[in-house]
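**Q** Questions regarding the structure given below will be posed in turn.
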Amino acid sequence: MKNLQIQNISKRYGDTVVFDRFSSTLHSGEVNVLFGASGSGKTTLLRLIMGLEEADEGSLSSFDNLQLSAVFQEDRLCNNLSAFSNVKLVVEPSVSTEQIRAALGAVGLGDAIRKPARELSGGMRRRVALVRALLATYDLIILDEPFKGLDDLTKNQVIAYTVEATRGKTVILVTHDMEEADLMQAKHVINLEDIR
Amino acid sequence: MISTSFANNKKGTIRIWSVLLWLGIWQLVAMTLGQDILLVSPLDVMIRLFDLGITGSFWLSIGYSFSRIAGGFFLATLIGVLFAIFSYRYRLVEEFLAPPMQTIKATPVASFVILTLVWIAPQNLSVFISFLMVLPIMYTNVLMGIRSTDKKLLEMAEVFRVPTYRRIRYIYLSQVLPFFRSACSVALGLGWKAGIAAEVIGLPQGSIGEMLYQAKIYLDTPDMFAWTLVIIIISVWFEKIVLTLLDRVVLKMEHL
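Line by line, the protein sequences give chains A and B. Numbering-wise (the numbering used here), the first sequence opens with residue 20 and increments by one. Numbering-wise (the numbering used here), the second sequence opens with residue 41 and increments by one.
Rendered as structure tokens:
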């Protein structure tokens with residue numbers, strides 16, 4: 020897969036200009052860190068990439084027809100469904116029950132597989148959302164603060180699993196923690212502060 | 041597993057002691073009055089109910105009324121859900137349906153019954169009246185339920201390209217079902233009561249409504265009370281059966 024180009028995109032909400040002819044490159048097969056303070060436009064950029072919003076100007080054409088996967092800023096789990104079913108909902112039929120069980124087990128959710136999402140703690144929900152994203156079929160995976168709310172021990176275990184699962188894949192990682200970015204073996208940084 | 045299904049509200053549970061106390065009060069008042077024509081005792085009602093229960097016509101009347109009122113309920117449920125889906129999808133449909141839905145909600149049942157008798161044979165009156173009473177409740181609640189579906193979950197499904205069938209079953213349905221259940225709970229009782237009221241006015245032969253009317257004409261108070269008790273029992277039973285089945289369907293649907 021070629022590198023993905025963001026070309027001269029502009030986006031405004033009323034009088035607020037979020038992007039004015041912003042361009043950048045996402046390196047294929049590697050972890051790209053998206054960095055920036057709150058309100059710098061991270062969420063808007065991700066929504067544009069995911070096709071949930073349209074740019075006023077510019078092109079994101081290299082993202083067209085890409086199969087995406089994502090850990091959203093919020094967990095976005097179906098509360099009535101179990102941890103297992105939340106994952107099963109999005110994965111291809113070829114992903115077996117054993118694979119899902121193993122993945123949930125690998126992030127420390129072995130005992131919570133059949134629990135409804137509404138009964139899971141914040142950290143557990145985050146891990147379900149991560150497993151869901153990692154087991155889905157994708158060309159590009161967006162990880163918006165995927166380790167938020169995890170204690171240090173669990174975080175290291177989950178990061179190690181994520182690094183293995185995304186090896187050779189194109190990743191956009193949103194984080195405020197540069198140590199997290201290092202552990203994820205990120206090589207490229209898109210700093211939205213630079214465009215301000 | 042706790043789910044979208046709905047735990048019993050213990051606060052609203054009817055206790056045996058409370059029922060027995062009220063029956064005792066009723067028996068006492070009936071004995072004090074000593075006039076069956078004004079107030080029949082609960083014991084006499086039970087005896088009359090037993091006498092009725094061993095006749096074939098009693099069960100035929102129940103079957104006649106139940107099949108028609110339940111038919112109207114299920115038809116209204118089906119059409120109400122379809123209308124809600126189309127209204128959600130097309131604003132024009134919602135605008136088109138708004139005046140009749142408001143009119144139905146605001147019009148007294150008796151007006152509808154009298155008006156409808158001009159167009160429809162008495163045998164089919166309770167189907168139509170039950171249908172009319174249930175339709176706006178189903179339509180409004182289901183539409184509200186669809187509208188309240190979590191937009192963020194829909195975006196998630198969009199990004200992951202979750203197939204339409206799965207979106208409907210696991211995202212839309214789980215969000216709409218609490219609204220649908222609450223609509224069923226209200227509409228079942230209302231449809232049943234309105235259907236019987238329609239029968240009392242339209243007097244279709246062999247219906248519960250006709251039996252109730254006959255009892256009134258001949259001042260047969262034990263019969264009136266016995267038939268009223270039958271109406272209450274069927275109403276409660278019908279609601280319990282439908283809601284239990286619905287809860288089971290929900291539980292089944294939540295397993296992927």
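Built from N, CA and C at the ideal position, the CB exists for glycine as well. The structure displayed is predicted, hence computed values, not measured ones.
#1: Per DSSP, what are the beta-bridge partners of TYR180(A) in this structure?
#2: Mind listing the chain A neighbours of LYS192(B)? Cutoff is C-beta to C-beta under 9 Å, in chain order.
#3: Find the residues of chain A that neighbour GLU195(B), judging by a C-beta separation of less than 9 Å, and give them in chain order.
#4: Counting along the chain, where does the beta strand (DSSP E) carrying LYS30(A) start and finish?
#5: Could you spell out where the beta strand (DSSP E) holding GLU76(A) opens and where it closes?
#6: Within 8 Å of any Cβ in chain B, is that where the Cβ of VAL109(A) sits?
#7: Would you grab the beta carbon distance between LEU149(A) and VAL90(A) for me? Rounded to a whole angstrom, and I think it's under 8 Å.
#8: Under 7 Å Cβ to Cβ from GLU111(A), same chain only, skipping five residues before and after it: list those, please.
#9: I want to verify the contact list: residues of chain B whose CB lies under 9 Å from the CB of ALA125(A), in sequence order.
#10: State yes or no: is the beta carbon of ASP163(A) nearer than 8 Å to at least one beta carbon in chain B?
#11: Here's a check: name, in chain order, each residue in its chain whose Cβ is nearer than 7 Å to the Cβ of ARG31(A), leaving out the five neighbours to either side.
#12: Give me the chain A residues within the contact set of SER107(B), using Cβ-Cβ distance strictly less than 7 Å, ordered along the chain.
#13: If we count the other Cβ atoms within 10 Å of its Cβ and call it buried at 16 or more, is PHE292(B) buried or exposed?
#14: Which whole-angstrom value describes the C-beta separation of LEU154(A) and LEU192(A), a residue pair presumed to lie in contact below a C-beta threshold of 8 Å?
#15: Tell me whether the beta-carbon of LYS167(A) lies closer than 8 Å to the beta-carbon of GLU49(A).
#16: In this structure, does DSSP put ASN210(A) in helix, strand or coil?
#17: What does the Cβ neighbour count give for ILE28(A), buried or exposed, with the cut at 16 atoms within 10 Å?
#18: If you check the beta carbons only, do ALA102(A) and LEU128(A) fall under 8 Å apart?
#19: Are the region 268-282 of chain B and the region 183-201 of chain B in contact at 8 Å, needing three or more beta carbon pairs?
#20: Count Cβ pairs between the region 239-250 of chain B and the region 157-165 of chain B that sit closer than 8 Å; are there 3 or more?
#21: Check whether the Cβ of ALA136(A) lies closer than 8 Å to any Cβ atom in chain B.
#22: With a cut-off of 8 Å, does the C-beta of ASN84(A) fall near any C-beta of chain B?
#23: Establish whether the CB of PHE219(B) and some CB of chain A are separated by less than 8 Å.
#24: Just the Cα atoms here: how many angstroms apart are ARG95(A) and MET143(A)?
#25: Using three-state DSSP, classify PHE126(B) as helix, strand or coil.
#26: Once the 5 residues before and after ILE84(B) are set aside, which same chain residues still bring their CB inside 6 Å of it?
#27: What is the rounded straight-line gap between the Cα of TRP62(B) and the Cα of LEU252(B)?
#28: Grab the span of the alpha helix (DSSP H) containing PHE220(B) for me, first residue to last.
#29: Below 6 Å CB to CB, which residues in the same chain sit around GLY141(A) once its five sequence neighbours on both sides are set aside?
#30: Count the other C-beta atoms from every protein chain shown that fall within 10 angstroms of the C-beta of GLN215(B), then say buried if there are 16 or more, exposed otherwise.
#31: Mind listing which residues of the region 130-158 of chain A have their C-beta closer than 7 Å to chain B's C-betas, in chain order?
#32: Report yes or no: is there a C-beta of chain B within less than 8 Å of the C-beta of ASN99(A)?
**A** Taking the coordinates as given:
#1: Within the first sequence, the letter at position 161 stands for residue 180(A). None; TYR180(A) has no bridge partner.
#2: One-based indexing of the second sequence puts residue 192(B) at position 152. Simply PHE91, GLU93, ARG95.
#3: Position 155 of the second sequence, counted from the first residue, corresponds to residue 195(B). Taking a Cβ-Cβ cut-off of 9 Å, the neighbours of GLU195(B) in chain A comprise ARG66, MET69, LEU71, PHE91, ARG95, given in sequence order.
#4: The count along the first sequence starts at 1 and reaches residue 30(A) at position 11. Segment 23-32, the beta strand (DSSP E) holding LYS30(A).
#5: Here residue 76(A) refers to the residue found at position 57 when the first sequence is read from its first residue. 76-78 is the extent of the beta strand (DSSP E) around GLU76(A).
#6: Locating residue 109(A) in the first sequence gives position 90, counting from the first residue. Yes, because at least one Cβ of chain B sits closer than 8 Å to the Cβ of VAL109(A).
#7: Counted from its first residue, the first sequence places residue 149(A) at position 130. Counted from its first residue, the first sequence places residue 90(A) at position 71. Rounded, the Cβ-Cβ distance is 5 Å, consistent with contact.
#8: Position 92 of the first sequence, counted from the start, is the residue given in the question as residue 111(A). Apart from sequence neighbours up to five positions away, the residues of its chain that approach GLU111(A) with a beta-carbon distance below 7 Å are THR156, ordered along the chain.
#9: Numbered from its first residue, the first sequence carries residue 125(A) at position 106. Chain B residues near ALA125(A): none, gap ~20 Å exceeds 9 Å.
#10: Numbered from 1 along the first sequence, position 144 holds the residue referred to as residue 163(A). Cβ-Cβ to chain B under 8 Å: no for ASP163(A).
#11: In the first sequence, counting from the first residue as 1, residue 31(A) sits at position 12. Closer than 7 Å at Cβ, skipping near neighbours: VAL37, ASP75.
#12: Taking the first residue of the second sequence as 1, we reach residue 107(B) at position 67. For SER107(B), no chain A residue has a C-beta closer than 7 Å to its own C-beta; the minimum C-beta separation is roughly 34 Å.
#13: Locating residue 292(B) in the second sequence gives position 252, counting from the first residue. It is worth fixing the name first, because residue 292(B) is Lys in this sequence and not Phe. Counting Cβ neighbours within 10 Å, LYS292(B) comes out exposed, since fewer than 16 surround it.
#14: Residue 154(A) sits at position 135 when you count from the first residue of the first sequence. Residue 192(A) sits at position 173 when you count from the first residue of the first sequence. Between LEU192(A) and LEU154(A) the Cβ distance is about 18 Å, and since that is not below 8 Å, they are no contact.
#15: Position 148 of the first sequence holds residue 167(A). Position 30 of the first sequence holds residue 49(A). It is not a contact, given that the beta carbons lie outside the stated cut-off.
#16: Taking the first sequence and counting its residues from 1, the one referred to as residue 210(A) is at position 191. If DSSP states are grouped into helix, strand and coil, ASN210(A) belongs with the strands.
#17: As a working note, residue 28(A) is residue 9 in the first sequence. That one is buried.
#18: The residue given as residue 102(A) occupies position 83 in the first sequence. The residue given as residue 128(A) occupies position 109 in the first sequence. Taking 8 Å as the Cβ cut-off, ALA102(A) and LEU128(A) qualify as a contacting pair.
#19: Contact between the region 268-282 of chain B and the region 183-201 of chain B is absent: fewer than three C-beta pairs spanning the two stretches fall below 8 Å.
#20: Contact between the region 239-250 of chain B and the region 157-165 of chain B is present, with at least three C-beta pairs closer than 8 Å.
#21: Residue 136(A) sits at position 117 when you count from the first residue of the first sequence. False, the Cβ-Cβ gap to chain B never drops below 8 Å.
#22: Here the question's residue 84(A) lines up with position 65 in the first sequence. Not one chain B Cβ lies under 8 Å of ASN84(A).
#23: Walking along the second sequence from the start, residue 219(B) turns up at place 179. The beta carbon of PHE219(B) sits no closer than 8 Å to any beta carbon of chain A.
#24: On the first sequence, position 76 is the one that residue 95(A) refers to. On the first sequence, position 124 is the one that residue 143(A) refers to. Computed Cα separation, rounded: 13 Å.
#25: The residue labelled residue 126(B) in the question sits at position 86 within the second sequence. Three-state DSSP puts PHE126(B) in a helix.
#26: Walking along the second sequence from the start, residue 84(B) turns up at place 44. Note on residue identity: the sequence assigns Asp, not Ile, to residue 84(B). Closer than 6 Å at the Cβ level, and outside the excluded window around ASP84(B), lie PRO262.
#27: Here residue 62(B) corresponds to residue number 22 of the second sequence, with the count starting at 1. Here residue 252(B) corresponds to residue number 212 of the second sequence, with the count starting at 1. Going by the C-alpha atoms only, they are around 24 Å apart.
#28: Here residue 220(B) corresponds to residue number 180 of the second sequence, with the count starting at 1. DSSP places PHE220(B) inside the alpha helix (DSSP H), whose first and last residues are 213-242.
#29: By 1-based counting over the first sequence, the position of residue 141(A) is 122. For GLY141(A), where only same-chain residues beyond five positions count, the Cβ hits under 6 Å are GLY168.
#30: Along the second sequence, one-based indexing puts residue 215(B) at 175. The residue is buried, with at least 16 neighbouring Cβ atoms inside 10 Å.
#31: Listed in sequence order: PRO135, ALA155.
#32: Here residue 99(A) refers to the residue found at position 80 of the first sequence. Chain B contact via Cβ: present.
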